[in-house]
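These notes concern the structure reproduced below.
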Amino acid sequence: MKELFIQNRENFGDMMDSGSVLVLYNGKPPVMRGNRYYDFSTQRNFYYMTGIDVPNLILTIKKDHAGVVEQTLYLERYDEFTAKWDGAAMTKEKAVELSGITNLAYIDELEAHLQRAFMRERISKMYLDMEHKSFSDANSPELDMAVRMREKFPPIALTDAYPLFGDLRVVKSDAEVALIQKAVDITGEGVYAFFDNVKPNMMEYELEAHWEYIVKKNGTSKSFSTIMAAGANATVLHYHNNDSRIKDGDLVLVDFGAQWSWYCGDISRTFPANGRFSPRQRELYNIVLEANKKILDMIKPGVRFGDLNEAVIDHYFQELGKIGLLTSRDEVYKYYYHGVSHMLGLEVHDINKGSVLNRNDVILEAGMVLTVEPGLYISDEAIGIRIEDNVVVTKDGCDVLSKGIIKEADDIEKYMAGR
Ligand SMILES: [Mn+2]
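Numbering (this note's numbering), first residue to last: -4 to 414.
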């Protein structure tokens, strides 16, 4: 798998200016309180470049004025006390095996190395990943480095690496698509577990528990908090209390995903708690399903991202008009109030192209992985429906990574009848 990360570093090096250096941190978990920390969530750009997800490492990529690129991975030194309490620091052998980086150093050597690069090699620009920084954010190693640079080396230009990572990460390699496929496949196991186990009068969290088991059994973790929403709860987009009773006659909306090597799946399905859609539920369900299929048919290179959602709104204007729910296109927003798609990858709402300011203007390219998730939310009727697939754009269309997860109303009823 390290070939993926070797390639990613090479691609990033190609984008760098001559006479520059990237300093990329993996960060540390935030303190919860006392001597307890939150679980560490790897900095995704660091993982993308190294394949390593343990905290407190640093990667530098230096491109000299002759265009020669040098990569260095900085590790923590072995410390007996830490080893006894928390496990040993990453060894050099393990770091080489995971990342393919052969030039290793210790973190306390970084400043001397940078200083030499500025003075002897006339390195004049530093890339720092300033993802999501704001005036009110807590300090980060990137910000600390930026402040030190301003103080000690003011002539060195500082620039944000984040948009470059966007341009790189938005198009996935085959190896990345395979990892997302694995995440989607595990998520699919969850969908069938819900079909198998749902029954009226159980609690939402009881049904959700089947998914927790599957996640653990696969030795992985969730890509986000599961939305398990019955009846009217399904009209609240990010409902995740999951503590209501599932009633006979409810539709159950589940939106959830596994991750695999940090690559995310993100699937939604909606199904009847008692195994049978009511005629009204089926009518609305099929309107959403048609939207889902229309967008899948539309996706191919050259299509503007924002046009996907416009097509969903057109579809709803037409179909919801036919059943008397609305009379103008503006009213669609009463029943559908999110976008139909987002990028999917190392983050569940993955980084988008950095060189395009408005994501609606992004033009689809082969290798992009995105969600297709039209929804319909009618709170008066306690009905919320979302049908979400994950796709990779191919050279003339798209591959549906979640095609193994049934979504036709008839198929769902048949499956549930056969439990
Ligand atoms: Mn999604």
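Virtual Cβ for every residue (Gly too), placed ideally from N, Cα, C.
CA-to-CA distance, residue 208 to residue 409, given in whole angstroms: Taking the straight line joining both Cα atoms gives about 25 Å.
According to DSSP, what are the bridge partners of residue 384? According to DSSP, which records beta bridges pairwise, residue 384 is partnered with 367.
Cβ-heavy atom distance, residue 368 to ligand 1, below 7 Å: In this structure, ligand 1 has a non-hydrogen atom nearer than 7 Å to the beta-carbon of residue 368.
Quick one: give me the first and last residue of the alpha helix (DSSP H) that residue 308 is part of. 300 to 317 is the span of the alpha helix (DSSP H), which, as asked, contains residue 308.
From the DSSP output, read off the bridge partner residues of residue 28. Beta-bridge pairing by DSSP links residue 28 to 31.
I want to check one thing, is the minimum distance from the CB of residue 337 to the heavy atoms of ligand 1 below 7 Å? Answer for residue 337: yes, Cβ within range of ligand 1.
With a threshold of 7 Å (Cβ to nearest heavy atom), would residue 314 be considered close to ligand 1? Checking every heavy atom of ligand 1 against the Cβ of residue 314, none is found closer than 7 Å.
Which whole-angstrom value is the C-beta distance of residue 222 and residue 251, which I expect to be below 8 Å? The Cβ separation is near 7 Å, so the contact holds.
What three-state label does DSSP hand residue 223 in the structure shown? Three-state result, residue 223: strand.
Scan the segment 161 to 227 and note each continuous alpha helix (DSSP H) run of 4 residues or more that stays entirely inside, going in chain order. Runs found: 169 to 192, 199 to 212.
Using a Cβ-based criterion (distance less than 7 Å to any ligand heavy atom), does residue 342 qualify as near ligand 1? Annotation for residue 342 indicates a beta carbon at 7 Å or more from all heavy atoms of ligand 1.
Between 47, 381, 54, 231, which has its C-alpha nearest residue 65's C-alpha? Closest by alpha carbon: 54.
Looking only at C-alpha atoms, which of 56, 25, 52, 194 sits nearest to residue 8? The residue among 56, 25, 52, 194 with its C-alpha nearest the C-alpha of residue 8 is 56.
Would you mind reading off the limits of the alpha helix (DSSP H) that contains residue 115? Start and end: 105 to 115.
Assuming contact is defined by CB atoms lying nearer than 8 Å, are residue 225 and residue 245 in contact in what I supplied? Annotated as proximal: residue 225 and residue 245, with beta-carbon spacing under 8 Å.
What's the call for residue 24, buried or exposed, on a 16-neighbour Cβ count within 10 Å? Exposed, by the Cβ-count rule.
Am I right that residue 371 and residue 380 are in contact with their C-beta atoms under 8 Å? What's the rounded C-beta distance? Taking 8 Å as the upper bound for CB-CB distance, residue 371 and residue 380 are in contact here, some 5 Å apart.
In three-state DSSP terms, what is residue 264? Residue 264: strand per DSSP, three-state reduction.
Residue 206 and residue 341: beta carbons closer than 8 Å? For the 8 Å CB-CB criterion, residue 206 and residue 341 do not form a contact.
Below 7 Å, is the gap between the Cβ of residue 345 and the nearest heavy atom of ligand 1? Checking every heavy atom of ligand 1 against the Cβ of residue 345, none is found closer than 7 Å.
Could you please give the first and the last residue of the uninterrupted alpha helix (DSSP H) stretch that includes residue 234? Counting along the chain, residue 234 falls outside any alpha helix (DSSP H), and DSSP gives it neither H nor E.
Residue 216: buried (16+ other C-beta within 10 angstroms of its C-beta) or exposed? Residue 216 is exposed by the Cβ-count criterion.
Beta carbon of residue 383: closer than 7 Å to some heavy atom of ligand 1? Correct: residue 383 has its Cβ closer than 7 Å to ligand 1.
Exposure label - residue 247; buried when at least 16 CB within 10 Å: Classification for residue 247: buried.
Could you say if the segment 346 to 353 and the segment 258 to 265 meet the contact criterion of at least three C-beta pairs nearer than 8 Å? These segments do not touch.
Beta-carbon spacing of residue 193, residue 266 below 8 Å: Against a cut-off of 8 Å, the Cβ pair of residue 266 and residue 193 comes out as a contact.
Which first and last residues belong to the alpha helix (DSSP H) in which residue 94 is found? Residue 94 -> alpha helix (DSSP H) spans 87 to 94.
Reference residue 48, options 77, 89, 11, closest by Cα: The shortest Cα separation from residue 48 among 77, 89, 11 belongs to 89.
At a cut-off of 7 Å, would you count residue 292 as near ligand 1, judging by its Cβ distance to the nearest heavy atom? Because no heavy atom of ligand 1 lies under 7 Å away, the Cβ of residue 292 does not count as near it: no.
Distance cut-off 7 Å: residue 261 Cβ against heavy atoms of ligand 1: Under cutoff, so the answer is yes.
Name the one or two DSSP bridge partners that residue 358 has. Looking at the DSSP output, residue 358 shares a beta bridge with 299.
Compare the beta carbon distance of residue 262 and residue 154 with 8 Å and say whether it is the shorter of the two. In this structure, residue 262 sits away from residue 154, with a CB-CB distance that is not shorter than 8 Å.
Considering Cα atoms alone, identify which of 347, 319, 172, 80 is closest to residue 163. Restricting attention to 347, 319, 172, 80, the CA atom closest to the CA of residue 163 is found in 347.
Whole-angstrom C-beta distance between residue 14 and residue 60, which should lie under 8 Å: Right, their Cβ atoms sit about 5 Å apart.
6 Å Cβ shell around residue 303 - same chain, five flanking residues per side excluded: Excluding sequence neighbours, residue 303 sits near 290, 335, 336.
Whether residue 220 touches residue 253 by CB criterion (8 Å): Contact: no.
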